[in-house]
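Line by line, the protein sequences give chains A and B. Numbering of the first sequence is given in the working numbering, commencing with residue 1 and proceeding in unit increments. Numbering of the second sequence is given in the working numbering, commencing with residue 111 and proceeding in unit increments. For every residue, glycine included, the Cβ atom is placed at its ideal position computed from N, Cα and C. If you're wondering where the values come from, they're calculated on a predicted model, not measured in any experiment. These notes are about the structure you will find just below.
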Amino acid sequence: QQKVQQSPESLTVSEGAMASLNCTFSDGTSDNFRWYRQHSGKGLEVLVSIFSDGEKEEGRFTAHLNRASLHVSLHIREPQPSDSAVYLCAMGSGSWQLIFGSGTQLTVMP
Amino acid sequence: GPKVLQIPSHQIIDMGQMVTLNCDPVSNHLYFYWYKQILGQQMEFLVNFYNGKVMEKSKLFKDQFSVERPDGSYFTLKIQPTALEDSAVYFCASSLRQGQAPLFGEGTRLSVL
Numbered sequence: 001q002q003k004v005q006q007s008p009e010s011l012t013v014s015e016g017a018m019a020s021l022n023c024t025f026s027d028g029t030s031d032n033f034r035w036y037r038q039h040s041g042k043g044l045e046v047l048v049s050i051f052s053d054g055e056k057e058e059g060r061f062t063a064h065l066n067r068a069s070l071h072v073s074l075h076i077r078e079p080q081p082s083d084s085a086v087y088l089c090a091m092g093s094g095s096w097q098l099i100f101g102s103g104t105q106l107t108v109m110p
Numbered sequence: 111g112p113k114v115l116q117i118p119s120h121q122i123i124d125m126g127q128m129v130t131l132n133c134d135p136v137s138n139h140l141y142f143y144w145y146k147q148i149l150g151q152q153m154e155f156l157v158n159f160y161n162g163k164v165m166e167k168s169k170l171f172k173d174q175f176s177v178e179r180p181d182g183s184y185f186t187l188k189i190q191p192t193a194l195e196d197s198a199v200y201f202c203a204s205s206l207r208q209g210q211a212p213l214f215g216e217g218t219r220l221s222v223l
């Protein structure tokens, strides 16, 4: 069964300092990876989608994918307190579904 | 921007009753999804729906579950009868194309007593 593991479980950074989140997946068969975030009580907001090894930037959010090492990361440049949320990594599986990690709770201190 | 709306935000029902969760997807989207998240656990895929048909479902999509989108109206998830383990937040999502990142609603919290 395909799995997605996220680390760390929680992360606290100061406003303006780079935040880095990690995700490892169980096999390299997927060709699409997404980062979402979820503010408390809200729905999921898609941040970055990445489909090939390397880097993909969307504003202050940059994803790095390395399928050989089964790893995708998210780096948040100049995080603000409003970026405090749960960040979810998701891997496409088959044609239709996403497999989600358990999330990283990010807190950005002013 | 476009949004997926879920109604109601919270529903409380007694075990054994029927419940219908409603989702108003983005108007021009063609692919519809339901995900389930039990408190403190990972979000898990339930079902995908396209062109009036279930395309894929997970083992969590029990026989008591059904989905439909009659005449392009709400995309619904019906559970009949409900069980205690159905208590969770149910997220609806939609996308325009296959493989596109789905847009998610804010979820409906279902409490089965």
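key: C-alpha distance - L21 (chain A) paired with V86 (chain A), whole-angstrom precision   = Between the alpha carbons of L21 (chain A) and V86 (chain A) lies a distance of about 11 Å.
V48 (chain A): first and last residue of the uninterrupted beta strand (DSSP E) it sits in = L44 to I50 is the span of the beta strand (DSSP E), which, as asked, contains V48 (chain A).
request  = Output yes if chain A places a C-beta closer than 7 Å to the C-beta of Q152 (chain B); else output no.
outcome  = By this cut-off, Q152 (chain B) is an interface position.
query = In whole angstroms, what is the alpha-carbon distance linking K113 (chain B) and P81 (chain A)?
reply = Roughly 24 Å separates the two Cα atoms.
inquiry  = Under DSSP, the beta strand (DSSP E) around E57 (chain A) begins and ends at which residues?
reply    = E57 (chain A) -> beta strand (DSSP E) spans G54 to E58.
ask   = Are any of the Cβ atoms in chain B nearer than 7 Å to that of S102 (chain A)?
value = The beta-carbon of S102 (chain A) is placed less than 7 Å from the nearest beta-carbon of chain B.
message = For S102 (chain A) and M153 (chain B), what's the separation of their Cα atoms in angstroms?
response = Taking the straight line joining both Cα atoms gives about 8 Å.
query = For N32 (chain A), which residues in chain B fall below 8 Å Cβ to Cβ?
reply = Contact note: N32 (chain A) reaches chain B through G209, using a C-beta cutoff of 8 Å and chain order.
query = Who are the near neighbours of L194 (chain B) in its chain, counting only those whose CB is closer than 7 Å to its CB and skipping five residues on each side?
reply = Same-chain partners within the cutoff: M125 and V222.
query = Which of the three DSSP states, helix, strand or coil, is assigned to G92 (chain A)?
reply = Per DSSP, reduced to three states, the secondary structure at G92 (chain A) is strand.
task = Using a cut-off of 7 Å between C-beta atoms, extract the partners of N158 (chain B) located in chain E.
result = The chain inventory of the structure shown lacks chain E, comprising the protein chains A and B.
query = How many Å lie between A68 (chain A) and F51 (chain A) at the Cα?
reply = Using only the alpha carbons, I get a separation of about 14 Å.
inquiry  = Is the separation between the beta-carbon of F33 (chain A) and that of V4 (chain A) shorter than 7 Å?
reply    = No; because the gap between Cβ atoms is not below 7 Å, this pair is not in contact.
ask   = Are the C-beta of K42 (chain A) and some C-beta of chain B separated by less than 7 Å?
value = Residue-level contact check: K42 (chain A) touches chain B, since one or more beta carbons of chain B fall below 7 Å from its beta carbon.
query = Is there at least one Cβ from chain B nearer than 7 Å to S49 (chain A)'s Cβ?
reply = Chain B, which has a Cβ nearer than 7 Å to the Cβ of S49 (chain A), makes this yes.
query = Shortest alpha-carbon distance to L44 (chain A) belongs to which of B:F159, B:T192, B:F201 and B:L170?
reply = It is B:F201 whose Cα lies nearest to the Cα of L44 (chain A).
message = Which of the three DSSP states is assigned to S10 (chain A) in this structure?
response = DSSP, reduced to helix, strand and coil, places S10 (chain A) within a strand of the structure shown.
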